[in-house]
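Comments concern the structure below.
Number of protein chains: 6
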Amino acid sequence: MNDLDVALIKSQVLSEALPYIRRFAGSTFVIKHGGNAMAGGAIDEAAALDSFARDVVLLASVGIKVVVVHGGGPQIGEMLGRLGIASQFVNGLRVTDSATLEVARMVLMGKVNPEIVGAINKFAPLAIGLSGADTGLIVASRAQGDLGFVGEVQSVQPDLIIRLLEQGLIPVVATVAVDVMGQAYNINADTVAGAIAGAIGAEKLIYLTNVEGIYANWPEQDSLIRRASSAEVGSLVASGAISEGMIPKLTSCLHALESGVSSAHILDGRVEHSLLLEIFTDSGVGTMVTREEAS
Amino acid sequence: MNDLDVALIKSQVLSEALPYIRRFAGSTFVIKHGGNAMAGGAIDEAAALDSFARDVVLLASVGIKVVVVHGGGPQIGEMLGRLGIASQFVNGLRVTDSATLEVARMVLMGKVNPEIVGAINKFAPLAIGLSGADTGLIVASRAQGDLGFVGEVQSVQPDLIIRLLEQGLIPVVATVAVDVMGQAYNINADTVAGAIAGAIGAEKLIYLTNVEGIYANWPEQDSLIRRASSAEVGSLVASGAISEGMIPKLTSCLHALESGVSSAHILDGRVEHSLLLEIFTDSGVGTMVTREEAS
Amino acid sequence: MNDLDVALIKSQVLSEALPYIRRFAGSTFVIKHGGNAMAGGAIDEAAALDSFARDVVLLASVGIKVVVVHGGGPQIGEMLGRLGIASQFVNGLRVTDSATLEVARMVLMGKVNPEIVGAINKFAPLAIGLSGADTGLIVASRAQGDLGFVGEVQSVQPDLIIRLLEQGLIPVVATVAVDVMGQAYNINADTVAGAIAGAIGAEKLIYLTNVEGIYANWPEQDSLIRRASSAEVGSLVASGAISEGMIPKLTSCLHALESGVSSAHILDGRVEHSLLLEIFTDSGVGTMVTREEAS
Amino acid sequence: MNDLDVALIKSQVLSEALPYIRRFAGSTFVIKHGGNAMAGGAIDEAAALDSFARDVVLLASVGIKVVVVHGGGPQIGEMLGRLGIASQFVNGLRVTDSATLEVARMVLMGKVNPEIVGAINKFAPLAIGLSGADTGLIVASRAQGDLGFVGEVQSVQPDLIIRLLEQGLIPVVATVAVDVMGQAYNINADTVAGAIAGAIGAEKLIYLTNVEGIYANWPEQDSLIRRASSAEVGSLVASGAISEGMIPKLTSCLHALESGVSSAHILDGRVEHSLLLEIFTDSGVGTMVTREEAS
Amino acid sequence: MNDLDVALIKSQVLSEALPYIRRFAGSTFVIKHGGNAMAGGAIDEAAALDSFARDVVLLASVGIKVVVVHGGGPQIGEMLGRLGIASQFVNGLRVTDSATLEVARMVLMGKVNPEIVGAINKFAPLAIGLSGADTGLIVASRAQGDLGFVGEVQSVQPDLIIRLLEQGLIPVVATVAVDVMGQAYNINADTVAGAIAGAIGAEKLIYLTNVEGIYANWPEQDSLIRRASSAEVGSLVASGAISEGMIPKLTSCLHALESGVSSAHILDGRVEHSLLLEIFTDSGVGTMVTREEAS
Amino acid sequence: MNDLDVALIKSQVLSEALPYIRRFAGSTFVIKHGGNAMAGGAIDEAAALDSFARDVVLLASVGIKVVVVHGGGPQIGEMLGRLGIASQFVNGLRVTDSATLEVARMVLMGKVNPEIVGAINKFAPLAIGLSGADTGLIVASRAQGDLGFVGEVQSVQPDLIIRLLEQGLIPVVATVAVDVMGQAYNINADTVAGAIAGAIGAEKLIYLTNVEGIYANWPEQDSLIRRASSAEVGSLVASGAISEGMIPKLTSCLHALESGVSSAHILDGRVEHSLLLEIFTDSGVGTMVTREEAS
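Chains as they are written, first to last, in this note's numbering: chain A, 563 to 857; chain B, 563 to 857; chain C, 563 to 857; chain D, 563 to 857; chain E, 563 to 857; chain F, 563 to 857.
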């Protein structure tokens, strides 16, 4: 392209982006970090984390308040292996006994969380690591099923997050929490992201995953849905057309939308800057689910 | 281009622009509107004004505080003609006698200013028309030479502009002012733009003109200067290599830079969105003059 | 009079005035300036404007927030004549075609308005010229009848005026406004004064005219009314006893009183300091109309 | 006089007064109440107190912060007589032994002070009675001479007064104070008024007395001084031309002027509204002493 | 006791007290000072006042806002005797004629009040003497019965007290007040304490007396009540089991509790630090009456 | 003891404690938690942690801002053992290679820190876990010696801690930090506590240990020092009379005192409530080191 064409494209991208930037300044986004699922193809894990961190800092730089939520299943499994702790399984799900819980807490809070915090703070020293136990942020209760110390979110007390966001900081939340008796639990990160988004009145809830979005007819590539309403997603989930791993994400999306979140997004975390493209362009790159009917 | 290439370019433009958006949020820019010189080529006067107004509102939408300054020589001449008021000339410059002054004030404040205000307010009702006489904004004194009621800037009392900017408004300043005795004067708009930029501590002073920028060796196209220091521009002016019409602009740039303005820009107002491209891209599209040595 | 008598009178005037000064400090008055009708008798136009400006500054000095509203019919007519623009008339009213509108805007904003602003700013640099188009202050719509670009007030967005008043400034409003499509209109100044008074919750709406007040039985001198209720004025208007030119003023008074303004005043602007006497003495000098029954 | 003449005089008084009202709004005046010396001629004691209270409330109503200071020598003498407490005298001055002090405190705080507070509060409930002992307002020390518990002002801690004034209240100060050991003293009220005026940075210190002002050559009526500088008053005091009772007032005036008070006034409290006339008219009615040279 | 035992007790007292200190920081307590009834046994009047003052300053030091209310019957009687003013009695109650009222006001405001203020200010200069007449704090009306200028509380305007408390000061209120016509009255101090407590939304109303508390079956020592509900106290008063002098206190307690005060306390003022023990220990030392049922 | 004696002691403890409570309200204390060294004698580890947490919450309840700092050497060693990671030693000190660092970070941030946070939050949900990497709180650099990733404090950026304290929260800091390149280090907790105390302008720095305090002549029991100056402690350290493990504590004390901390304390953490006794009683229970000469 020649210079003039480049200038034309640039000025169009800017004209298109500025109204979004204006609109989202001061808004809060909760982003579920997809863990190592975000690496793949031409990009390794460290580079993926680095790219994610850079985008988060860019969002913060234009006044968007970002909360990052993460889990760390594979890393927990790896450490259990190193310590020779055998796991029981119920219906294919790992039972979190007390030894497992100790390891999960160490890995989530002492390994995965500081890695994400460190990646962000290399660009700007704004990230602060949190767990659900800090100042009673998340009160947990034991989840149904015989899975041991696997918890679910009983309530969220969002004051701490809100104040940190007001100070321009970026909370990075490890999904460990305690119940009213002080007992710790490990909680599914997709669920926690949705619950926090609802509790703090987030504008957007964004899941970074290793798929392009929601497919009406998986795995047909051209059945990718760009935009859907809560009702449509509800029907899809009910129809059984949705893949297993996507269910907790979509359920959490629907809950968050009911709690007042304006839109929920499923993005492919492996595409560089997919966050920026989804937020600041008209067409977006993933699936956006909104409360009202899609048109 | 295919979708992926487009996404790539978009994400690069955004990555490039966001740090500028962050950096300039809350900064003040004084923009000298170039009048009908901004029309030309494929774009007519109304469309040029419309495009300018849209860019100003986009800048305001991302937290940049914009002051617009304008003159209106051709329109004054046209109205003098309609009223059959003949002008005297001294060294080729029109003498502003009292009848001329009355017409100049009417045209600047009652015709040109409301047109710019109206164009901006169609996008967002943020523009407010001002003249130098409002709340003693500009105190004028009679300029040297026998040009009648042509004034120069004695002092700027910037409180009004600063407060309007703090309220998110866009002051549009017609360059009429009064002296301490209440006598009105017409003042060169390039000078007023520079004086206001200095007085309010603007980050940028931007002249929208009908040339691409400063040429080291006018009219050789490839002698266009992208970036220069005050010292370099001072040398150029002294060398006589600069075209006549550019002198007041460059002199005002140098004064403004001395008063604390960080950078002054000469842009081609006929290029659509040249404001956005100059401000939000690494390469820019015109000439940027900075206080410190260019590197 | 000897010194003691003078002291006695002075102390009585002060005792009488101070409670009014206390009561009105912080209140807002909208004053419709009567134009050249305010000159007459021993006082010429320039002196009348000067005297008016001095009183406005005195009011401001004791904490009264003053908004001045003005039209300029005669000056517009004069300029149309100079430009050789002939006018059509419908029922004796001038039709405002597009050429007339351009002239009206130039004269109101570029001539009458800066004259009033300049007169006030000679005493204290507090006046700022506005038109209804600034920041969408007044939204107009086309008035009924075939009068062209004669508008009526659709709505008032008073934020700008309120903020300027809070800063201790004196807005001077030219009665030009635009509709939602950006089309400009000329609007009757009496109507605009009443609409602004209602919208900003003014305490008083004051019309400076060339009559002493309202007469129950015009032109009988001793039928001058000092104080009347809305209901009484409504009856008078309905009875047809009121002179033609007074109707828009009284109609606007009644609307303003309905919108919450506490009292409306018709004063003789040709009497020096009539503003001060009406506001700060028990007896007053013109006609005061109040919402509740007069007693 | 006919109506027009009255209107003329009224408008002149108002034009003259408004700038003073503007200038003194927010200023602080310390007024030494002259006790029963303010009665005389056609006005009895109760009416004099009532008139004084009304003027104080008028001053407060236009934003002047007023502190009233009073003593009560005659009332103390009367109560000592009723209780049959005989007094010793040294050089003609009453010695304040411990029984006398108890009576002085009762009379000043329990009789004179509530009478002044009550008189003001009938017009507006703004007065609050204080003594120098409240929150350590005045720290006293024993005065020289063998006069027992007669104190002098060691220091003033003005926070309490300043905060009450900021709340729009009118402190009325009885001149009893304690020393650092908690021992109470009676202090000369002229001195206390001057010390408080200096400590709170008052604009004016005003003594209401039973003379018209300072006479250059007492008792020649036409030697009354309207305006004098500190230096001139200092010379007069040194020359011995000043009557005995005026000395503490003038000495306190000079100290207060040195401490930053702008002007000190000696007024005839027996002239009704002399406070208003002195403050709000060009000519005034008593003697004004200023820091700088009188011209 | 050895050092370890002492440390153990100390740490227990601290552990017990800290939660109360936390809970009451920022709360307001109204304390009725019991006058000379608080002396007795091993402690004389001056020492009792000193001990009271110290406790009040300690309460203030941990953020409790304290209002002190006092009467002074015995001191008034003594001064009436010294002045030879005979009193009439109706049903055994002294009639307050105008001479008596003058003495009562002098004694309460000029003798008792400054003694309490002075005692507190020896520890920290925080006390400020008030009467009900200051800034219209208490509006009185004539009480029923033929007792002359004995008043009752018509209304309380608590702004002054609230602002002084916000500044960290300790108001000490003498129970003199005026009616709407400016006539002064003497009012029962128990009643005033209750009315102020209700009006300012106090947390606690505390009566310091010369008994240990309320007895269910006076004078049986072991019928002392530690804690009672409003209802229980209401029944006791109705049953006639309560001693005469306790009735106004209990009636005022019940009114105050109805007005929103959380608890009312009857304490033995002769026990040193009884204030601290009642407030900061679990068991307390007197009788606490609460709104809700005691359990 | 009978009731009266108990009341006497209680009132004395309260009288003694209240001035300290007043003095320290709003002050900041940095407390180095002693780890499992705080257990011993009759109290097990869980009970010791529980007792510590309760005292911290009591301090917070009376307005003291508490920062807790901890290490966790024994727990790190235990986990290294479980993972079969052998350690190298240099001069008896464990070398922190990259595998060891990963374990240290997991144990400090994922095990020890959440245990302390959890213990506090059982009493009041105020604790928030931090590491030196959060928002760039501590910038580390590699310590001298060949100990691998053992760091020292390069600088402290205390904004985050100060803001959390202002919100009434209790930061609990794990002593892991990163250098400017993002490399993590483990740092000695005694040193970190002193550096933070200096950086945030703490009033007190408190080390909870398993000894009673500093001994002038260890291990002679009666050589325990209650109070010492910086100079005296400096001499003791220089003299070699101090036990090895106490050196980093005392060195950090001296640095903190130089940085503006008012006093540093060495307490026996095994004595229940030793924190309360040291802070709120005249005699204290450990060793207090102050900047100025002890007297």
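Idealized CB from N, CA, C, for every residue including glycine.
(message) Distance cutoff 8 angstroms, beta carbons only. Does Arg644(B) sit that close to anything in chain A?
(response) no
(message) Taking the alpha-carbon of Val594(C) as reference, which of Ser824(C), Lys766(C), Ala587(C) has the nearest alpha-carbon?
(response) Note that residue 594(C) is Lys in the sequence shown, not Val. With distances taken between Cα atoms, Lys594(C) lies closest to Lys766(C).
(request) Decide if Leu838(E) is buried, meaning its Cβ has at least 16 other Cβ atoms within 10 Å, or exposed. (result) buried
(message) Short of 6 angstroms in beta carbon distance, which residues of its chain neighbour Val657(B), apart from the five on each side in sequence? Order them along the chain.
(response) Gln650, Leu709, Gly710
(message) With distance defined between alpha-carbon atoms, name the residue in Ala790(B), Gly796(B), Arg667(B), Asn779(B) nearest to Thr512(B).
(response) Any answer about residue 512(B) is impossible in this case: the structure gives chain B only from 563 up to 857.
(request) Answer yes or no: does any C-beta atom of chain B fall closer than 8 angstroms to that of Asp696(C)? (result) yes
(message) Within 10 Å of its beta-carbon, does Asn748(D) have 16 or more other beta-carbons around it, so buried, or fewer, so exposed?
(response) buried
(request) Give the straight-line distance between the Cα atoms of Thr849(D) and Glu840(C), rounded to the nearest whole angstrom. (result) 34 angstroms
(message) So, at 8 angstroms on beta carbons, what are the nonlocal neighbours of Ile690(C) in its own chain, with the 5 sequence-adjacent residues on each side left out?
(response) Val679, Leu726, Leu731, Ile732, Pro733, Val734
(request) Would you list the residues sitting across from Phe591(E) in a DSSP beta bridge? (result) Val628(E), Lys766(E)
(request) Could you check if Ser613(B) is buried or exposed, using at least 16 other CB atoms within 10 Å of its CB as the buried criterion? (result) buried
(request) Rounded to whole angstroms, what's the CA-CA distance from Leu770(C) to Gly760(C)? Just pull it up for me. (result) 18 angstroms
(request) Step through the CB atoms of chain E and report whether any lies within less than 8 angstroms of the CB of Ser577(D). (result) no
(request) Please report the residue range of the beta strand (DSSP E) in which Thr843(F) lies. (result) Element bounds for Thr843(F): n/a, residue is neither H nor E.
(request) Check the Cβ-Cβ distances between Gln716(B) and every residue of chain C, and say whether any is below 8 angstroms. (result) no
(request) Please look up how many angstroms separate the CB atoms of Phe842(E) and Ile583(E), rounded, as I've assumed it's under 8 angstroms. (result) 7 angstroms
(request) Flag Gly763(D) as yes if its beta-carbon sits less than 8 angstroms from any beta-carbon of chain E, otherwise no. (result) no
(message) Taking the beta carbon of Ile809(C) as the centre, do at least 16 other beta carbons fall within 10 Å, making it buried, or is it exposed?
(response) exposed
(request) Note down, in chain order, every chain G residue with its Cβ under 9 angstroms from the Cβ of Asn683(F). (result) Reference to chain G is not applicable here, since the protein chains of this structure are A, B, C, D, E and F.
(request) Could you tell me whether any Cβ in chain E is nearer than 8 angstroms to the Cβ of His835(F)? (result) yes
(request) Taking Thr590(D) as the query, report the chain C residues whose CB atoms sit under 7 angstroms from its CB, ordered along the chain. (result) Ordered by position in chain C, no residue passes the 7 angstroms Cβ test against Thr590(D), which lies about 18 angstroms from the chain.
(request) Pull up the distance between the alpha-carbon of Gly846(F) and that of Val669(A), whole angstroms please. (result) 42 angstroms
(request) Would you verify that the beta carbon of Ile638(B) is, or is not, closer than 8 angstroms to some beta carbon of chain C? (result) no
(request) Could you say which of Ser791(C), Ile787(C), Val773(C), Ser797(C) lies nearest to Ser836(C) if we only look at CA atoms? (result) Val773(C)
(request) Assuming Ala778(A) and Ser785(A) form a contact by the criterion Cβ under 8 angstroms, report the distance between their Cβ atoms to the nearest whole angstrom. (result) 4 angstroms
(request) Give the straight-line distance between the Cα atoms of Leu663(E) and Ala746(E), rounded to the nearest whole angstrom. (result) 8 angstroms
(request) Name the two residues that bound the continuous alpha helix (DSSP H) containing Met641(B). (result) 635 to 644
(request) Helix, strand or coil for Met668(D), going by three-state DSSP, please let me know. (result) helix
(request) Answer yes or no: does any C-beta atom of chain C fall closer than 8 angstroms to that of Ala856(B)? (result) Bear in mind that a pLDDT of 42 at Ala856(B), under 50, signals an unreliable position, so the number given afterwards is only what the model happens to contain. Ala856(B) does not count as touching chain C.
(request) Closer than 7 angstroms by beta-carbon distance: list the chain E residues that pair up with Ile583(F), in chain order. (result) Ile583, Val624
(message) Short of 7 angstroms in beta carbon distance, which residues of its chain neighbour Ser825(E), apart from the five on each side in sequence? Order them along the chain.
(response) Lys766, Met850, Val851, Thr852
(request) State buried or exposed for Glu677(B), treating a residue as buried only when at least 16 other CB atoms are found within 10 Å of its CB. (result) buried
(message) Assuming the contact rule is C-beta atoms closer than 8 angstroms, Ile647(A) and Val674(A) should be a hit. Round their C-beta distance to whole Å, please.
(response) Between Val674(A) and Ile647(A) the Cβ distance is about 18 angstroms, and since that is not below 8 angstroms, they are no contact.
(request) Tell me whether the beta-carbon of Gly713(F) lies closer than 8 angstroms to the beta-carbon of Ala705(F). (result) yes
(message) Run through chain C and tell me which residues come within less than 7 angstroms of Ile571(D), C-beta to C-beta.
(response) Ile571
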